Amino acid sequence: MPGQSHHLFRLPRRLVAGACLALLAALPARAEQVNLTLLLVNDIDKMEGAGPRGGFARLAGVVEQERAKGGHLLYVHAGDTLSPSLMSGFDHGRHVIELLNIAPPDIFVPGNHEFDFGPEVFRERMSEAKFPLFAANLQGPDGKPLPGFVATRMFEFGGVKVGVVGLAADDSKEKSSPGDLVLLPTVDTGIAEAGKLRAQGADLVIAVAHASRSKDRALFDSRAADIILSADDHDLNIFFDGKTLLAESKEQGEFVTAIDLAIELEEGDGRRSVKWWPNFRLIDTANVEPSAAAAAKTKEFEAQLAKELDVAIGTTETPLDSRRPTVRGGEAAIGNLIADAMRAAVSADVGLANGGGIRGNKEYPAGTKLLRRDVLTELPFGNTTVLIEVTGLTLLAALEHGVSQVEEGAGRFPQVSGLTMQVDLGKPAGSRVVAVEVGGKPLDPAAKYRLATNDFMLNGGDGYTMLADGEVILGALEGKLLAEDVMSYIAKAGTIAPKVEGRVRLAQ
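Using this note's numbering, you'd call the opening residue of the sequence shown number 14 and step up by one each time.
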């Protein structure tokens, strides 16, 4: 209409702004799905694996295939790889780093076997790695992080913040040789670092931990991390209760665990929420095409070994079994062989070997011609035979310690020579040894006995700290390599026939 104002229905600016905000608030939150794959391997040291599966070439094949799919992926190696293996006895794990560098992990956390050759070799090997190193609980003697290592890292995938904390094996001083390096408690460190990542805005927290079952469970129960990717126990394990996830990928790259995460990110009304759900794929590497580059490098290393190792030294008339449950769960024929060889080498009264030091994880049928390769496969650590004099009381304490964690398959299990012992597993740890005879006579707590063992155990390895009470007669510098003593023992006999004969009698 003529003369009508065009401003009659103009709303105040404040009302317009308020209406827009109200409209935005009324709209549903914006939701997006982000897909992320976690690829886990742990406890792999053998170049060729075992039989049709495992080994570095097949592992690299898995990684190459998964990366070729595109999308978001984190390839995690949870440790125990530099040792023990045949080649590591010669090059201290240098070949392992070369093989891993072909298809490098996104996250690597040291296990106890990374320290088997001492702190200087550990630092040297880690400096050769072309992949990120994580360990929140690992420090130098000065209390500072080691060069090249980070405690945590925040990854971002499609707007989702994923915090990762690495936790090295905190029992490495007992199991290995980290020297003056400091390892803080896994669980306490993991909880603290996960909290920091939450405070920094992590939507999802992943702990990569080289840790025992009990520590895995403690981390799980703390709910500090959403996902725990573990190692050390050689378990093929997936446990998910709808809130927290725990996984471990057995050993030797036989299986690689792929966890496909569907992560739903919701943002709206100034708020942010994240929901996630895992889908699991167990990748059997028997069905994987090996990486051509890794296979070629493996073949090159194997050729270097063959000339030295494929030499027969004797024949076994009886079957031998070095599988992990056998040597850690009871008297084993191969354990008797090794303990006998140690005792004979230094003319001792008693031989004591830790079952966890026998590493071949294989069976030898009766009639097998044993090669140098076989002995070094079983005893790859480069330990030396030592001779100490101990009291019967100390020897009894060592035997009690050896059978204190039979149920857990601990590496401390005693393989013995020159004695027999009766064990009641129904009794509490520390009071399980019912009777011991040395040389056919009851153990005398006050008597002195010459004990052959290895330098790892003498230094408190596998928890045998009581052996430090003994008088060292032949130390690590004077003793021969344990593997050499075993090879000499077999070669001298020509034909051997070790068997289970009641040296360690276990009863419930």
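Positions of the beta carbon are idealized from the N, C-alpha and C atoms, including for glycine.
This one's a predicted model, so the numbers in the text were calculated from it and none came from an experiment.
- Bounds of the beta strand (DSSP E) holding Gly-327 are 325-329.
- For Pro-378, the closest alpha carbon among the candidates His-414, Lys-512, Leu-389 is that of Lys-512.
- Boundaries cannot be given for Gly-131, as no beta strand (DSSP E) includes it and DSSP labels it neither H nor E.
- Remark: three or more beta-carbon pairs, one from each stretch, lie closer than 8 Å, so the region 462-474 and the region 399-410 are flagged as touching.
- Every beta strand (DSSP E) stretch that sits fully inside the region 301-366 and reaches 3 residues is listed by chain position as 325-329.
- Between the beta-carbon of Gly-342 and that of Asp-245 there is about 17 Å, and that puts the pair past the 8 Å contact cut.
- Put simply, the backbone Cα of Leu-384 is about 6 Å away from that of Ile-326.
- If the five residues before and after Glu-264 are omitted, its C-beta is found closer than 6 Å to the C-beta atoms of Asp-56, His-247, all from its own chain and listed in chain order.
- In the DSSP annotation of this structure, Ser-96 is not part of any beta strand (DSSP E), being labelled neither H nor E.
- The straight-line gap separating the alpha-carbon atoms of Gly-483 and Thr-339 is approximately 29 Å.
- Sequence-distant Cβ neighbours of Gly-452 in its own chain, meaning closer than 8 Å and more than five residues away, are Asp-362, Gly-431, Leu-432.
- A residue is called buried when at least 16 other Cβ atoms come within 10 angstroms of its Cβ; Asp-234 does not meet this threshold and is exposed.
- Assignment of Asn-150 by DSSP, reduced to helix, strand and coil, places it in the coil class.
- Cβ atoms of Ala-215 and Gly-176 come within 8 Å of each other, at about 3 Å.
- Residue pairing from DSSP places Asn-292 in a beta bridge opposite Asp-273.
- At the C-beta level, Val-446 and Val-416 come within 8 Å of one another.
- Rounded to the nearest whole angstrom, the C-alpha separation of Leu-49 and Ala-275 is 7 Å.
- The residues Ala-496, Val-499, Met-500, in chain order, have a CB closer than 7 Å to that of Val-388 in the same chain once the five nearest residues on each side in sequence are set aside.
- Excluding residues up to 5 positions away in sequence, Met-60, His-108, Phe-314, Leu-318 lie with their Cβ nearer than 7 Å to the Cβ of Met-100 in the same chain.
- Of the candidates Gly-67, Met-167, Lys-188, Met-167 places its Cα closest to the Cα of Ala-212.
- Closest in C-alpha terms to Asp-334, from the list Asn-300, Glu-376, Leu-72, comes Glu-376.
- Residue nearest to Ile-240 within the set Glu-45, Asp-457, Leu-52 is Leu-52 (criterion: CA-CA distance).
- The residue among Ile-347, Leu-519, Ile-486, Met-355 with its C-alpha nearest the C-alpha of Ala-510 is Ile-347.
- Of the candidates Leu-400, Lys-440, Gly-395, the residue whose Cα lies closest to the Cα of Gln-418 is Lys-440.
- In terms of CA proximity to Gly-364, Ile-351 leads the group Gly-422, Leu-490, Ile-351, Ile-371.
- Distances from the CA of Glu-280 to each of Arg-518, Lys-312, Ala-44 were compared; the closest alpha carbon is that of Ala-44.
- Across the set Arg-425, Ala-442, Gly-102, the C-alpha of Arg-425 shows the shortest separation from the C-alpha of Thr-478.
- The three-state secondary structure of Phe-103, taken from DSSP, is helix.
- Taken through DSSP and simplified to helix, strand or coil, Tyr-477 comes out as coil.
- Residue state for Phe-144 is assigned as coil, using DSSP reduced to three classes.
- Straight across, the Cα-Cα distance linking Val-218 with Leu-86 is about 15 Å.
- DSSP, reduced to helix, strand and coil, places Ser-501 within a helical segment of the structure shown.
- Within the model, the alpha-carbon separation for Gly-507 versus Thr-381 is close to 12 Å.
- Beyond the five residues adjoining it in sequence on each side, Gly-422 comes within less than 6 Å, by CB distance, of Arg-341 in the same chain, given in chain order.
- Close CB contacts of Phe-268 within its chain, under the 8 Å cut and outside five residues either way in sequence, are with Arg-66, Leu-249, Ser-262, Leu-295, Ile-296, Asp-297, Thr-298 (chain order).
- Remark: C-beta atoms of Val-287 and Val-173 approach each other more closely than 8 Å.
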